[in-house]
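Novice: Sharing a structure with you now.
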Amino acid sequence: MVSTVSPSKPSILQIDPLGLEPIPDNTYQRFLRFNLSGESRTLLPLKDIAEVRQLEITEILPIPEVSSCVLGVCSWRGEILWLVDLNVLVSDDSLWQQNPLLEQPVVMVVQSAQQSVGLVISQVEDVELVEPESIHPQTDVCPAAWAPFVAGYLPDHRGVVLDATAIVERSLQNPS
Numbered sequence: 006m007v008s009t010v011s012p013s014k015p016s017i018l019q020i021d022p023l024g025l026e027p028i029p030d031n032t033y034q035r036f037l038r039f040n041l042s043g044e045s046r047t048l049l050p051l052k053d054i055a056e057v058r059q060l061e062i063t064e065i066l067p068i069p070e071v072s073s074c075v076l077g078v079c080s081w082r083g084e085i086l087w088l089v090d091l092n093v094l095v096s097d098d099s100l101w102q103q104n105p106l107l108e109q110p111v112v113m114v115v116q117s118a119q120q121s122v123g124l125v126i127s128q129v130e131d132v133e134l135v136e137p138e139s140i141h142p143q144t145d146v147c148p149a150a151w152a153p154f155v156a157g158y159l160p161d162h163r164g165v166v167l168d169a170t171a172i173v174e175r176s177l178q179n180p181s
């Protein structure tokens, strides 16, 4: 038996009845927005963050004769984790100078090249979806001390994007 298609009845495979294009892949990436040096428009790619948690000050074991940005170490998943005051690393302004009553800082455990560092900050704000193409290369939109750690910025004052790899490398480069 021979099957024929009638010219008055279009094939479903040939015509999309709604005229819609295929849905494009979602290219947005997630970024964690947090406060740094009093600035709440700081972002870090969520893909570089292994964990975010509050830390009791008593969990920090101080290490003598280390860099001023190193607060000490703590136990994390059975390993020793270096804790870095991100404010001091980028601006020489201690987290506790900005917020002297802070009792439970937030630790963002950032990983790069199989190395982990705990970045200590006062608080996180939100998770934000960002189209990677909207991130502009670094220019003079942030303080000069931040420059080695900045991957780019979002226009219209939406924030500065930090480079997790640069932060981890600088933090572990010479902790003492």
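Numbering-wise, this note's numbering comes out as the position in the sequence shown, counting from 1, plus 5.
We treat Cβ as the ideally placed atom computed from N, Cα and C, and that holds for glycine.
#1: For ASP53, tell me which candidate among ILE68, GLU64 and LEU37 has the shortest Cα-Cα distance.
#2: Between the Cα of SER176 and those of VAL115, ARG46 and SER99, spot the shortest distance and give me the residue it belongs to.
#3: Spatial neighbours of ASN40 within its chain, please: C-beta separation below 6 Å, excluding the five flanking residues on both sides.
#4: Who are the near neighbours of GLU61 in its chain, counting only those whose CB is closer than 7 Å to its CB and skipping five residues on each side?
#5: Specify, as a first and last residue, the run of the alpha helix (DSSP H) that ARG82 falls within.
#6: Measure the Cβ-Cβ separation of GLY157 and ILE140 and say whether it is below 8 Å.
#7: Can you look up VAL71 in the DSSP assignment and give me helix, strand or coil?
#8: I'd like the span of the beta strand (DSSP E) that includes ILE172, first residue to last.
#9: For GLU62, name the three-state secondary structure that DSSP assigns.
#10: For THR32, which of VAL165, THR170, PHE154 and LEU134 has the nearest alpha-carbon?
#11: My output table needs one value for ASP161: the three-state DSSP class, helix, strand or coil.
#12: Where does LEU106 land, buried or exposed, given buried means 16+ other C-beta within 10 angstroms?
#13: CB-CB under 6 Å to THR170, same chain, minus the five flanking residues each way: which ones, in chain order?
#14: What residues match up with GLN116 in a beta bridge as DSSP calls it?
#15: Taking ASN92 as part of the alpha helix (DSSP H), name the residues at either end of that continuous run.
#16: Count Cβ pairs between the segment 69-79 and the segment 161-170 that sit closer than 8 Å; are there 3 or more?
#17: Taking VAL125 and LEU48 to be in contact with their CB atoms under 8 Å, please state how far apart those CB atoms are, rounded to whole angstroms.
#18: When DSSP builds the beta bridges, which residues end up paired with THR47?
Specialist: Based on what the coordinates show:
#1: In the sequence shown, the residue the question calls residue 53 occupies position 48. Residue LEU37 is the option with its Cα nearest to ASP53.
#2: Position 171 of the sequence shown, counting from 1, holds the residue named residue 176. Cα-wise, what sits closest to SER176 is VAL115.
#3: Residue 40 sits at position 35 when you count from the first residue of the sequence shown. Only SER127 and GLN128 meet the Cβ criterion.
#4: Here the question's residue 61 lines up with position 56 in the sequence shown. The answer, listed in chain order, is GLN109.
#5: Residue mapping note: residue 82 aligns to position 77 of the sequence shown, counting from 1. Taken as a continuous stretch (DSSP letters only), ARG82 belongs to no alpha helix (DSSP H), as it is neither H nor E.
#6: As a position in the sequence shown, residue 157 is number 152, starting the count at 1. As a position in the sequence shown, residue 140 is number 135, starting the count at 1. Judged by beta-carbon spacing, ILE140 lies within the 8 Å limit of GLY157, meaning their Cβ atoms are closer than that value.
#7: The residue given as residue 71 occupies position 66 in the sequence shown. In the three-state reduction of the DSSP assignment, VAL71 falls in the coil class.
#8: Indexing the sequence shown from 1 puts residue 172 at position 167. From DSSP, ILE172 is part of no beta strand (DSSP E) but of the alpha helix (DSSP H) over 169-178.
#9: Within the sequence shown, residue 62 is the residue found at index 57, counting from 1. Checking the sequence shown, residue 62 turns out to be Ile, not Glu. Helix at ILE62.
#10: Here the question's residue 32 lines up with position 27 in the sequence shown. When only C-alpha atoms are compared, the closest one is LEU134.
#11: The residue you call residue 161 lines up with position 156 of the sequence shown. Three-state result, ASP161: coil.
#12: For the purposes of this step, residue 106 is taken as the residue at position 101 of the sequence shown. LEU106 should be labelled exposed.
#13: Here residue 170 is taken as the residue at index 165 of the sequence shown, counted from 1. Hits under 6 Å: SER117.
#14: Walking along the sequence shown from the start, residue 116 turns up at place 111. Looking at the DSSP assignment, GLN116 forms a beta bridge with SER121.
#15: Your numbering for residue 92 matches position 87 in the sequence shown. Counting along the chain, the alpha helix (DSSP H) containing ASN92 begins and ends at 91-96.
#16: No: the two stretches stay apart, fewer than three of their Cβ pairs being nearer than 8 Å.
#17: The count along the sequence shown starts at 1 and reaches residue 125 at position 120. The count along the sequence shown starts at 1 and reaches residue 48 at position 43. Here VAL125 is actually not in contact with LEU48; their C-beta atoms are around 17 Å apart, not less than 8 Å.
#18: For the purposes of this step, residue 47 is taken as the residue at position 42 of the sequence shown. In DSSP, THR47 forms a bridge with PHE39 and VAL165.
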